[in-house]
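Participant: Please see the structure below; I have some questions.
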Amino acid sequence: MASYLSATAVLSLLAQANALVRPDGVGRLPALGWNTWNAFNCDIDASKILTAAEQTISLGLKDAGYEYINIDDCWSVKSGRDPNTKRIIPDSTKFPDGISGIASQIHDLGLKVGIYSSAGTETCAGYPASLGYEKIDAETFAEWGIDYLKYDNCGVPSNWTDAYTDCVPDTTNGSNFPNGTCPDLTNPAPAEYDWSTSKTAKRFEAMRDALLNVDRTILYSLCEWGQADVNTWGNATGNSWRTTGDITPHWERIAEIANQNSFYITYADFWGYPDPDMLEVGNGNLTLEENRAHFALWAAMKSPLIIGTPLDSIKEEHVSILKNKYLLAFHQDPVVGRAASPYKWGYNPDWTFDPAHPAEYWSGASSALGGTLVLMLNSEGSKKTRTAVWSEVPGLGGNGYRVTDVWTGEDLGCVEKEYSVELQSHDVAALVVGESC
Ligand code: GAL
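Letter by letter, the sequence shown follows residues -19 to -1, 1 to 418 of mature numbering (1 follows the signal peptide of the UniProt record, and there is no 0).
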């Protein structure tokens, strides 16, 4: 049978064989939603979250596919669990109707709701977390009507610390890197070490098993910053797994993360997705070009697309980036699970690891688009020309193709051999290369 399948199809089946498969297709495709953290950090309450849910509908984001409204850190009473039930207690000032109250309001709007905890004794902001309480917390979340759990990596006690250290570089966050081990990686694992046997993997598996035991399907999103070689076991443990430390609304950080994640892109397929962190579209001083390059790269990588900006003040130009129908169709392709991948680095020789200049030329097959998505990024600080040459793009052997511009929707007609475009600094061209002509 395998001899009738392409190499890509075989790889894809192997990845899925090992994946965490959930009922009703939950986690089969990368998640679409909104989260409190990049927008508000700890300054959250029920009204802000309800506003985000209502805006998701009125801005047309729900119709575009965004469905999860996720509560991040800082939702509970900081001083500790209920002494009798051992449950985490929702902060009644921030959430007067509890988490179950906001969850049912979000459900009434036809959306789903997410919550946050950590595989440690405390969350990153110092609130009670789930290590040792996985069963109680999973049952509580299920009872409240939770549909999505983001599970972080803070508050790890010394008896749960791994013998070896592993992390991904983070040059722009510096000492703010959570539990920052990367700058002083003192005890790297031997080459043959299997990180799926590590204490880190066990901490995250404990919550997976607790979630599998409750009577509700809760999407499981791992957030352990790419440590402990998570790409090798994340797929069997969660529906997505963070591959880096935290994003910030700065192009330098977005480029650094895109570069890092590009080297894990073959791990993306149905039921399991490397997660380069939530979106910063609409935040900070990102230019329009940087906002759309960020979104196009994240969509092409089939990252979970979790919006992180206040939706009651978002600019129309940012909403239209988030609703781009071609990029969302590629991202949510029901037939092709694999992400786009670099076919040429461009600014650098192929396979160069460069935090400032990620791969510039990407392509990915798409059944939903009836062709190939091609991205061309200008990673440089000034205006440059980039050229997609059809003969260089995997799967495109012909001379001419019908091309559509993803940003304008314009049909560029039959384009022969190659397509050149002048790009502002940090802008991306995005094309659907369709039927041959
Ligand atoms: C970090 C995580 C962020 C956010 C924050 C909350 O570890 O990567 O996305 O959840 O904790 O304190």
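Just so it is clear, CB atoms sit at the ideal spot from N, CA and C, and this is done for glycine as well.
In this text, all values refer to a predicted model and were calculated from it rather than measured experimentally.
State the Cα-Cα distance for the pair G327 and A369, rounded to the nearest angstrom.
Facilitator: Against the sequence shown, residue 327 aligns to sequence position 346. Against the sequence shown, residue 369 aligns to sequence position 388. Cα to Cα, the separation comes out at about 10 Å.
Participant: Nearest to S344 by alpha carbon, out of F122, T32, L354?
Facilitator: Looking up residue 344 in the sequence shown gives position 363. Nearest of F122, T32, L354 to S344, Cα basis: L354.
Participant: Are the stretch 94 to 105 and the stretch 47 to 61 in contact at 8 Å, needing three or more beta carbon pairs?
Facilitator: Judged by Cβ distances under 8 Å, the stretch 94 to 105 makes contact with the stretch 47 to 61, as three or more pairs qualify.
Participant: Let me check understanding here. Comparing Cα to Cα, which of G126, S28, S221, N212 lies closest to residue 446?
Facilitator: The first residue shown for the chain is -19 and the last is 418, placing residue 446 beyond what the model contains.
Participant: What does a CB cutoff of less than 8 Å around G265 pick up in its chain, not counting 5 residues either side in sequence?
Facilitator: The residue given as residue 265 occupies position 284 in the sequence shown. For G265, where only same-chain residues beyond five positions count, the Cβ hits under 8 Å are T229, P230, H231.
Participant: Ligand 1 and C395: does any heavy atom of the ligand fall closer than 7 Å to the residue's C-beta?
Facilitator: Taking the first residue of the sequence shown as 1, we reach residue 395 at position 414. No - ligand 1 has no heavy atom lying nearer than 7 Å to the Cβ of C395.
Participant: T198: which of W141, R3, S401 sits nearest, CA to CA?
Facilitator: The residue labelled residue 198 in the question sits at position 217 within the sequence shown. It is R3.
Participant: Give me the Cα-Cα distance between W15 and P315, rounded to the nearest whole angstrom.
Facilitator: Here residue 15 refers to the residue found at position 34 when the sequence shown is read from its first residue. Here residue 315 refers to the residue found at position 334 when the sequence shown is read from its first residue. Straight-line Cα distance between these residues: approximately 22 Å.
Participant: Cα separation between L1 and L130?
Facilitator: For the purposes of this step, residue 1 is taken as residue 20 along the sequence shown, with counting starting at 1. For the purposes of this step, residue 130 is taken as residue 149 along the sequence shown, with counting starting at 1. Distance between the alpha carbons of L1 and L130: 14 Å.
Participant: Less than 7 Å between C-beta atoms, sequence neighbours within five positions excluded: which residues of the same chain meet that for P71?
Facilitator: Taking the first residue of the sequence shown as 1, we reach residue 71 at position 90. Excluding sequence neighbours, P71 sits near W56, S57, G79, I80.
Participant: Could you tell me if K296 is buried or exposed, where buried requires 16 or more neighbouring beta carbons within 10 angstroms of its beta carbon?
Facilitator: Here residue 296 corresponds to residue number 315 of the sequence shown, with the count starting at 1. K296 is exposed by the Cβ-count criterion.
Participant: According to DSSP, which residues form a beta bridge with M357?
Facilitator: Mapped onto the sequence shown, residue 357 falls at position 376. Per DSSP, Y342, A410.
Participant: Taking all protein chains shown into account, decide if D74 is buried (16 or more other Cβ within 10 angstroms of its Cβ) or exposed.
Facilitator: By one-based count along the sequence shown, residue 74 stands at place 93. Correcting the residue identity first, residue 74 is Thr in this sequence and not Asp. Exposed.
Participant: Within 10 Å of its beta-carbon, does C418 have 16 or more other beta-carbons around it, so buried, or fewer, so exposed?
Facilitator: Numbered from 1 along the sequence shown, position 437 holds the residue referred to as residue 418. Looking at its Cβ environment, which holds fewer than 16 other Cβ atoms inside 10 Å, C418 is exposed.
Participant: Apply the 10 Å Cβ neighbour rule to K283 and answer buried if 16 or more other Cβ atoms are within range, or exposed otherwise.
Facilitator: Walking along the sequence shown from the start, residue 283 turns up at place 302. Buried: at least 16 other Cβ atoms inside 10 Å.
Participant: Go ahead and pull the three-state DSSP assignment for L203.
Facilitator: Working through the sequence shown from its first residue, we reach residue 203 at position 222. Of the three classes helix, strand and coil, the one that applies to L203 here is strand, per DSSP.
Participant: Pull up the CB-CB distance for R273 and W125, whole angstroms please, since I reckon it's below 8 Å.
Facilitator: In the sequence shown, the residue the question calls residue 273 occupies position 292. In the sequence shown, the residue the question calls residue 125 occupies position 144. Rounded, the Cβ-Cβ distance is 37 Å, inconsistent with contact.
Participant: Which residue wins for smallest C-alpha separation from E173, given the options D210, D331, S139, L200?
Facilitator: In the sequence shown, counting from the first residue as 1, residue 173 sits at position 192. Closest option to E173, Cα to Cα, is D210.
Participant: Three-state secondary structure (DSSP) at W214?
Facilitator: The residue given as residue 214 occupies position 233 in the sequence shown. Coil, per DSSP.
Participant: From this set, L112, L92, K67, F21, which residue's C-alpha is nearest T37's C-alpha?
Facilitator: The residue labelled residue 37 in the question sits at position 56 within the sequence shown. That would be L92, whose Cα lies nearest to the Cα of T37.
Participant: E397 bridges to which residues according to DSSP?
Facilitator: Sequence index remark: in the sequence shown, residue 397 carries index 416 (1-based). DSSP output for E397 lists G381 as bridge partner(s).
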